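Structure record follows, encoded as structure tokens.
Residue numbers (our numbering): 1126 to 1170.
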């Protein structure tokens, strides 16, 4: 599940011309902090 989230986040960052590293940093920080609401981590939310 986690690799799918990272993959969709990177694709979304590229599509929207966002800084990929900022998006990945946010995702990894939220996961490390114990965020268990994986739906909220999806780029379409």
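Ideal Cβ positions, reconstructed from N, Cα and C, are used throughout, including at glycine.
Treat the numbers as computed from the prediction; the structure is a model and nothing was measured.
message: My output table needs one value for residue 1143: the three-state DSSP class, helix, strand or coil.
response: Position 18 of the chain shown holds residue 1143. Correct three-state label for residue 1143: coil.
query: Who are the Cβ neighbours of residue 1164 in its own chain at under 6 Å, not counting the five residues just before and after it?
result: In the chain shown, residue 1164 corresponds to position 39, counting from 1. Contacts found: none.
field: Coarse secondary structure for residue 1150, derived from DSSP in three states
entry: For the purposes of this step, residue 1150 is identified with residue 25 of the chain shown, where counting begins at 1. Here residue 1150 sits in helix by DSSP.
task: Could you tell me how far apart the beta carbons of residue 1149 and residue 1132 are, in whole angstroms, since I believe they sit closer than 8 Å?
output: Sequence index remark: in the chain shown, residue 1149 carries index 24 (1-based). Sequence index remark: in the chain shown, residue 1132 carries index 7 (1-based). Not confirmed; about 11 Å, so no contact.
DSSP state of residue 1158 mapped onto helix, strand, coil: For this step, residue 1158 is matched to residue 33 along the chain shown. If DSSP states are grouped into helix, strand and coil, residue 1158 belongs with coil.
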